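Everything on this sheet refers to the single structure shown next.
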Amino acid sequence: MQYMILIHSEPMDGPNPGEPGFDEMMAPWMAYNQKLIDGGHYVAADQLQGVEIATTIRRAYGAGDTIVDGPFAETKEHFGGFYIVEAKDLDEALALAAEVPIPAGSLEVRPVMPS
Amino acid sequence: MLALLTHRFGLDVADDAVQDALVEALNWAVVPDNPAAWLYTVARNRAVDRVRRDAAAARRLARAAPDLVLAAERTGLGGEHGSPGGNDEEVLDMVDDAHYSGDEHLRLLLLCCHPALSRDAQVALTLRLVGGLTTAEIAAAFLLPEQTLAQRIVRAKRKIRDAGIPLSIPEDLTSRVDALLTVVYLIFNEGYLSRGSGAGARLDLVEEAIRLTITARELLPGNPEVEGLLALELYARARHDTRFRGDELVLLEHQDRTRWDGELIEQANGLLRSALARLQPGPFQTQAVIARHHATARTAADTDWPAIASAYAVLLAMTGGSPVVALNRAVAVSMADGPDAGLRLLAEITGLENYHLYWATHAELLLRAGDEDAAAHAFARARELAKNAAEQQHLDRRIAQLRP
């Protein structure tokens, strides 16, 4: 089964690519990715850019679209990235999600609709 | 399959059991390797459960009316079902049957208590699939509409199927066993606390919880927390019948200790001894230690309150400072060192402002400290917050006793 791990966390302040400390910051993520690949769990993953540059289209029934600046929900924790993993069941998916190296936040685990 | 089961149990028992198993199999997420065998196992477990329950009922009846039961036993175990088939040997035969797998039972129990399910769903599924109760019985026990309960179970089964919750035994059992014991204890408490008003018509959740704990103990031999929980339940069960006079709640200190069930207390003592000898302390063992102090005190005045107070201090640390445990500790300390010491501890507790027992405790301690006005105020607050009829009546009486 495929599961998506939705990463909700506070935006991380850190060095940009090329700046000192960037590689150290990324090291646990690289290790996690490699672990998923080695275990045959990796399907897809991506990180989103900061929520401060998000744009939202709001649509109500029967009304026209409104385009607004900002994310769709004003919360402290934002959806910041995801993994799609192959796991044999929810327990395995939860175990994989538990290793996503965020310091704090939420990891929502949802099965991908089978095609 | 129906025929095979019918041969062994009464038809009404077998019919229910097979239907239950079929309904489960149709909804089932994880198709077992051998569906027919699985179905048979589920159906048979269900029927064995029913017979065991009937047998337990017969034993209880035997104590009350030995003459009546002899006749029922001659016709098999389930007097009510009048099953012409089964006898003790056949039932034992079935339990020892090579197809029967304890693992399968444990998988089912762990599945029902999977942390990905809500607590309500865990309770409902455990009673339904492991306890073998019908949806109607569970709904009645929790005073819920049957529809609500049925939907809860359907939703839980759908999540098990669609989210891929496995029917497997995890490598690290500890946290899963904790969840399982919490569910069983919730069921026990629901039964224990609801005693008194209209309990006659309701299924006895206390007995169900004890049965589930015994099952858990068979499946997880040597687990000290399971033994601790079972001991705790048996201590409470031993005092069960003295907790009410009619609909009136009787407090521990006023209960007739000569009517406590000494046999159950002895069983609980043995279980607790065996648990503590494993040197892996836990919250259920600690609560059982406290219950043992109460159950083995010859009179209320003989109670070893200093020992109980220190056990509560241990429990408080184990539960990460639970305010309800802190409240109990304050009571124990007040009994050991006087009401002022208890009141000092009460003053440090936060988060129980809307809990009736917090105010009732406050009132009793203020009364013992000689402050009647403040006690009356606290009793009134407790009465406002109490929801259980027996507790409301008890508080009404305490308030009436205050007025000269």
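From first to last, the protein sequence lines stand for chains A and B.
Per the working numbering, the very first residue in the first sequence carries number 49; after that it's consecutive.
Per the working numbering, the very first residue in the second sequence carries number 3; after that it's consecutive.
Quick reminder that beta carbons are idealized off the backbone N, C-alpha and C, glycines included.
Keep in mind the model is a prediction, meaning the values are calculated, not measured.
Taking 7 angstroms as the cut-off, the Cβ atoms of Leu274/B and Leu236/B do not count as close.
Under DSSP, Gln282/B shares a beta bridge with no residue. Under a criterion of Cβ atoms nearer than 8 angstroms, the residues of chain A adjacent to Asp164/B are, in order, Pro159. For Met49/A, the neighbours in chain B by C-beta distance under 7 angstroms run, in chain order, Gly166.
In the structure shown, His89/A falls within a coil segment according to DSSP collapsed to helix, strand and coil. Within the DSSP secondary-structure output, Phe130/A pairs in a beta bridge with Leu54/A, Asp94/A. By the rule that beta-carbons nearer than 7 angstroms mark a contact, Ala158/B does not touch chain A. Taking every protein chain shown into account, the CB of Ala152/A has fewer than 16 other CB atoms within 10 angstroms, so this residue is exposed. The way I'd put it, the segment 184–198 of chain B does touch the segment 226–242 of chain B; three or more beta-carbon pairs between them come closer than 8 angstroms. In the structure shown, the three-state DSSP call for Ile101/A is helix. With respect to Pro341/B, Arg370/B sits close: the two C-beta atoms are nearer than 7 angstroms. Nearest CB-CB separation between Ala181/B and chain A: not below the 7 angstroms threshold. Partner residues in the beta bridge of Ile115/A, as assigned by DSSP, are Ile105/A. Identification of residues in the segment 108–136 of chain B having a C-beta nearer than 7 angstroms to some C-beta of chain A yields Ala118, given in sequence order.
In the DSSP assignment, Pro159/A forms a beta bridge with Tyr51/A. The shortest C-alpha to C-alpha distance from Pro162/A to any of Ala165/B, Ile140/B, Thr136/B, Asp105/B is the one to Ala165/B. Where Gln403/B is concerned, the enclosing alpha helix (DSSP H) starts and stops at 391–404.
Cβ atoms of Ala218/B and Val186/B come within 8 angstroms of each other, at about 7 angstroms. Taking a C-beta distance under 7 angstroms as the contact criterion, Glu229/B and Ser276/B qualify as a contact pair. Chain order gives no chain A residues near Pro325/B, where near means a beta carbon separation below 9 angstroms; the closest approach is about 25 angstroms. Taking 7 angstroms as the upper bound on Cβ-Cβ separation, chain B lies near residues Asp137, Leu138, Asp139 of the segment 126–150 of chain A. As DSSP reads the structure, Ser154/A sits in a beta bridge with His56/A. For Phe246/B, DSSP records a beta bridge to Leu251/B. Within the segment 256–306 of chain B, the alpha helix (DSSP H) runs of at least 4 residues that lie entirely inside it are, in chain order, 264–278, 285–297. Excluding sequence positions up to five before and after Ala315/B, its CB lies within less than 8 angstroms of the CB of Arg331, all in the same chain and listed in chain order. Contact between Trp307/B and Ala334/B holds, with the beta-carbon distance rounding to 6 angstroms and staying under 8 angstroms. Around Ser276/B, no beta-carbon contact reaches into chain A at under 7 angstroms, the shortest distance being about 31 angstroms. Between Ile167/B and Arg109/B, the beta carbon gap of about 11 angstroms keeps them out of contact (Cβ cut-off 8 angstroms). The beta carbons of Ala309/B and His295/B sit closer together than 7 angstroms.
Around Ser170/B, the beta-carbon contacts reaching into chain A at under 8 angstroms are Asp137, Asp139.
With respect to the 7 angstroms criterion, Lys124/A and Glu58/A are classified as neighbours on the basis of their beta carbons.
For Ile351/B, same chain residues with a beta-carbon under 8 angstroms away, outside a window of 5 residues either side, are Pro325, Ala328, Leu329, Ala332, Tyr360 in chain order. Contact check for His364/B and Ala380/B: beta-carbon distance about 4 angstroms, within the 8 angstroms limit, so the pair qualifies. The segment 131–216 of chain B is shown to contain whole alpha helix (DSSP H) runs of 4 or more residues at 137–143, 148–164, 176–195, in chain order.
Residue environment for Ala313/B: buried (at least 16 other C-beta atoms within 10 angstroms of its C-beta).
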